[in-house]
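Undergrad: Here the numbering used here is used: the first residue of the sequence shown is 1, the next is one more, and so on.
We put the beta carbon where it would ideally sit given N, CA and C, even for glycine.
Note that the structure is predicted; figures quoted are calculated from it, not measured.
Structure provided below as structure tokens; questions to follow.
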Amino acid sequence: MDTERLDQGTARTAAELRLQLAQMTAASQLLERGAQDEKSRRYLAALNQSICRMLRIVGRLEFTARLGEEDPPRLMRTHADLAQLTAELGERLAGLLAYSGVELTVDVPERLPAWVDEGLVRQMLMELVSNGAKAGRHVALSLTRQGDRAVFTVEDDGPGIPPERLDYLFSSAEEAVPDWRRGGVGVSIARRVAELHGGALVAGPGQGLKAAASIPLGEGDGAGLESPGLPWDRGGFDETVVALSDLLPAQAFGLEGDWRSS
Numbered sequence: 001m002d003t004e005r006l007d008q009g010t011a012r013t014a015a016e017l018r019l020q021l022a023q024m025t026a027a028s029q030l031l032e033r034g035a036q037d038e039k040s041r042r043y044l045a046a047l048n049q050s051i052c053r054m055l056r057i058v059g060r061l062e063f064t065a066r067l068g069e070e071d072p073p074r075l076m077r078t079h080a081d082l083a084q085l086t087a088e089l090g091e092r093l094a095g096l097l098a099y100s101g102v103e104l105t106v107d108v109p110e111r112l113p114a115w116v117d118e119g120l121v122r123q124m125l126m127e128l129v130s131n132g133a134k135a136g137r138h139v140a141l142s143l144t145r146q147g148d149r150a151v152f153t154v155e156d157d158g159p160g161i162p163p164e165r166l167d168y169l170f171s172s173a174e175e176a177v178p179d180w181r182r183g184g185v186g187v188s189i190a191r192r193v194a195e196l197h198g199g200a201l202v203a204g205p206g207q208g209l210k211a212a213a214s215i216p217l218g219e220g221d222g223a224g225l226e227s228p229g230l231p232w233d234r235g236g237f238d239e240t241v242v243a244l245s246d247l248l249p250a251q252a253f254g255l256e257g258d259w260r261s262s
């Protein structure tokens, strides 16, 4: 089967899954109205957790296809303060990761203006933080300026990866990396986002594993370009909850939580 037909088949499958997820989400919202006892609430939390995890899987499939090697998508660049973006996203991620016993610290400058696709930068950071949180109990997210580039660094305190296996972090050869690093789609997405901005993503030893994404700050010539769009239709769920859904326990999806989009 050629690549084009395979991509079309994947797109059709993703669309069918998305339809089923929309129906499941609607059913969940209806059930919430009558969920009075604790047992019903636990079942609903588990259902919402599964929906978010499926949204993440489907979204990653579509997102990866959009960011394919052939005919790469162009970006919707806007003027953004990367320091504010990173601080706000980091605060939200830290609150959610606390459910899993993971501490996220964030260190950013006072201000760092850039000409970037904000949606893709957010996605890149969520993928890197999620990857770090799978390995360690503490993750550090930082942003610095180095010349005409912004450098995002995510470091965890996990066991790390032997130097000879670091290249596999960006490949599909899952047997070559430890269990907690498997499913390298997220890291590959983050690397692709950096590359689309004219930057790069590298990984190496740190306290555990350190990943650094370098992105040019950009000139800001005012040209609006086609955007790859959001990686998933969140169906009313907060994007950060979907991004971390494979890490969060069911209790994070309880009816009293703030996992719904505002």
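(1) Indicate the three-state DSSP secondary structure (helix, strand or coil) for L244 in the structure shown.
(2) Quick one: give me the first and last residue of the beta strand (DSSP E) that R92 is part of.
(3) What does the alpha-carbon distance come out to for the pair E110 and L166?
(4) Excluding the 5 residues preceding and the 5 following M126 in the sequence, name in chain order all residues of the same chain whose CB lies nearer than 6 angstroms to its CB.
(5) Could you give the residue range of the alpha helix (DSSP H) that holds A133?
(6) Of the residues D117, Q123 and W115, which one's Cα is nearest the Cα of G59?
(7) Nearest-angstrom Cα distance between R41 and E32?
(8) Is there contact here, the stretch 70-90 with the stretch 102-122, by at least three beta-carbon pairs under 8 angstroms?
(9) So what does DSSP say about P163, is it helix, strand or coil?
(10) Report, in whole angstroms, the separation of the C-beta atoms of S245 and R53, which I expect to be a contact under 8 angstroms.
(11) Taking 8 angstroms as the CB-CB limit, is L217 close to chain B?
(12) Would P159 pass as a contact of G101 if the rule is Cβ separation under 8 angstroms?
(13) So for L21, helix, strand or coil by DSSP?
(14) Ordered along the chain, which non-local residues of its own chain (more than five positions away) have a Cβ less than 6 angstroms from that of A211?
(15) Quick check: the Cα distance between F63 and V193, rounded to an integer number of angstroms?
(16) Tell me which same chain residues have a C-beta within less than 8 angstroms of the C-beta of A94, skipping the five on either side of it?
(17) Using the Cβ count rule (16 or more neighbours within 10 Å means buried), how would you classify E174?
(18) Any idea which residues DSSP pairs P113 with across the strands?
(19) Whole angstroms is fine: what's the gap from V121's alpha carbon to L89's?
(20) Using a 10 Å radius around the Cβ and a threshold of 16 neighbouring Cβ atoms, would you call L169 buried or exposed?
(21) Please classify D221 as buried or exposed, where buried requires at least 16 other C-beta atoms within 10 Å of its C-beta.
(22) For D148 and L217, which I take to be in contact (beta-carbon distance under 8 angstroms), what is that distance rounded to the nearest angstrom?
(23) Work out the CA separation of P113 and R145 for me, nearest whole Å.
(24) So, with DSSP's three-state summary, where would you put G204?
(25) Got a sec, what are the start and stop residues for the beta strand (DSSP E) H138 sits in?
(26) For T86, count neighbouring C-beta atoms within 10 Å of its own C-beta (all shown protein chains included) and say buried if the count is 16 or more, exposed if not.
(27) With which residues is I189 paired in a DSSP beta bridge?
(28) Closest to P162 by CA distance: which of R137, G186 and P205 is it?
TA: Put simply:
(1) coil
(2) Not the beta strand (DSSP E): R92 falls in the alpha helix (DSSP H), residues L82 to L97.
(3) 33 angstroms
(4) A243
(5) First-last of the alpha helix (DSSP H) with A133: E118 to A135.
(6) Q123
(7) Taking the straight line from one Cα to the other gives about 8 angstroms.
(8) yes
(9) It is helical.
(10) 5 angstroms
(11) No chain B appears in the structure shown, which is made up of a single protein chain.
(12) no
(13) helix
(14) Answer for A211: L128, V154 and A203, listed in chain order.
(15) Taking the straight line from one Cα to the other gives about 11 angstroms.
(16) E103, L104, T105 and V106
(17) Annotation note: pLDDT 46 at E174 (below 50); position unreliable, no value reported.
(18) Residue pairing from DSSP places P113 in a beta bridge opposite D81.
(19) 11 angstroms
(20) buried
(21) Summary for D221: the model assigns pLDDT 46, below 50, so the residue's position carries little reliability; its value from the coordinates is reported in the next sentence. Using a 10 angstroms sphere on the CB of D221, the tally of other CB atoms stays under 16, which defines it as exposed.
(22) That belief holds up - the Cβ atoms of D148 and L217 are roughly 6 angstroms apart, short of 8 angstroms.
(23) 10 angstroms
(24) strand
(25) Residues H138 to Q146.
(26) Of the other Cβ atoms in all chains shown, 16 or more fall within 10 Å of the Cβ of T86; this residue is therefore buried.
(27) Answer is none; I189 lacks a bridge partner.
(28) For the set R137, G186 and P205, the Cα lying nearest the Cα of P162 is the one of P205.
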